[in-house]
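Okay, so the sequence shown: first residue is 550 according to the working numbering, each after it adds one.
Glycine included, C-beta positions come from ideal geometry on N, C-alpha and C.
Working notes for the structure below.
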Amino acid sequence: MKKFNHVIVRRPCKSVCDGITSAPELGKPDYEKALRQHDAYISALSRCGVDITILPPDDRYPDSCFVEDPAICTKNCAIITNPGAESRRGEKYEIVDAIKQFYKDEDIEYIKEPGTLEGGDVMMVGDDFYVGRSARTNEEGIRQLTDILERHGMTCTEVPLEKVLHLKTGVNYLEHDHMLVSGEFVTKPEFQKYDRIEIPEEEAYAANCIWVNETVIVPEGYPTVLKAVQDLGYKTLVVDTSEFRKIDGGLSCLSLRF
Ligand code: CIR
């Protein structure tokens, strides 16, 4: 099944080393290595039948390579978010022009103050979306998102988060009813109806895999998850994201896929 035609990424900037992190003990990202890993990420995506728009680095925003957070791209509309992290808020102004290449003005919606929302908290399952209420995404942001999605013929369900940064840090949909779940998401009632693949604690980072047109991209170094995804019948590509992991980033955060 081909679902996505376009991908948007942004090159990591030199200040990526100062990205927000909850795990300083992992050390700072090595910029050159991050660039090489980003190259490999782009080349994996290019094997999945999508065209790729590569935005230039933006040193004003250390976390700006994580383009998933300032925008949400659905089949009916795009939503420019209002990132909850102060240092990331301005990223929303920098993603708009790229979004305008693919969506008509009337199909571009905006999350407005006092609402905050980051795309990492939003997971698409067909026409139904799940949104995590997190430190970055507040009640008003969720209210606005729900209203926008419903006006465009889609639905939205709120999922309270307890431990993780973003919803998709711990749960990702691989289409065909398959859902990767780790940690607090294993028992969440909202996801019981799916075919859940439980991820062991020591590989929790790899809950953040991405499905792109029947290929699943898996982070390097997580053999249990890799095998589980292959056993589901997917073609897999493995990409090393060690430098992005140091600042809480994973595979999904590094692109918009639509
Ligand atoms: C941040 O804390 O905002 C970045 N260092 C990591 C963002 C990861 N984005 C995502 O999970 N969607």
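Taking all protein chains shown into account, decide if residue i is buried (16 or more other Cβ within 10 angstroms of its Cβ) or exposed.
i: Met550; result: exposed
i: Gly497; result: Residue 497 lies beyond the residue range present for the chain, which begins at 550 and ends at 807; the question has no answer from this structure.
i: Thr665; result: buried
i: Gly782; result: exposed
i: Pro578; result: buried
i: Thr773; result: exposed
i: Glu640; result: buried
Please confirm if residue i has its CB atom under 9 angstroms from at least one CB of chain D.
i: Lys776; result: This model lacks chain D altogether, as it is built from one protein chain only.
Could you tell me the boundaries of the alpha helix (DSSP H) in which residue i lies?
i: Phe793; result: 791-794
i: Thr718; result: 716-719
i: Ala843; result: It is not possible to answer for residue 843, since the shown part of the chain is limited to 550 through 807.
i: Lys649; result: 640-649
Whole angstroms are fine: how far does the CA of residue j sit from the CA of residue i?
i: Gly798; j: Arg596; result: 22 angstroms
i: Lys737; j: Pro749; result: 16 angstroms
i: Pro611; j: Glu617; result: 14 angstroms
i: Met673; j: Glu792; result: 26 angstroms
i: Asn757; j: Ser683; result: 17 angstroms
i: Ala572; j: Arg794; result: 9 angstroms
i: Lys653; j: Ile601; result: 19 angstroms
i: Val778; j: Gln586; result: 22 angstroms
i: Val558; j: Cys802; result: 9 angstroms
i: Asn687; j: Leu594; result: 32 angstroms
i: Asn625; j: His701; result: 6 angstroms
i: Val720; j: Ala583; result: 24 angstroms
i: Glu747; j: Ile621; result: 26 angstroms
In this structure, how does DSSP classify residue i when only helix, strand and coil are distinguished?
i: Pro738; result: helix
i: Lys776; result: helix
i: Arg685; result: coil
i: Lys551; result: coil
i: Cys827; result: What the structure shows of the chain is the stretch from 550 to 807, and residue 827 is not part of that stretch, so it cannot be assessed.
i: Ala756; result: helix
i: Asp744; result: strand
i: Ile569; result: coil
i: Cys622; result: strand
i: Ala634; result: coil
i: Lys563; result: helix
Beta strand (DSSP E) containing residue i: first to last residue?
i: Asp612; result: Unbroken run through Asp612: none, as it is neither H nor E.
i: Tyr659; result: 657-659
i: Leu729; result: 727-730
i: Val671; result: 671-674
i: Lys600; result: A small fix is needed here, since residue 600 is Asp in this sequence, not Lys. 600-604 is the extent of the beta strand (DSSP E) around Asp600.
Can you tell me the Cβ-Cβ gap for residue i and residue j, rounded? I've got them flagged as a contact below 8 angstroms.
i: Thr630; j: Glu667; result: 6 angstroms
i: Leu800; j: Thr790; result: 6 angstroms
i: His555; j: Phe651; result: 6 angstroms
i: Val713; j: Gly732; result: 7 angstroms
i: Ser613; j: Glu643; result: 7 angstroms
i: Gly633; j: Arg685; result: 3 angstroms
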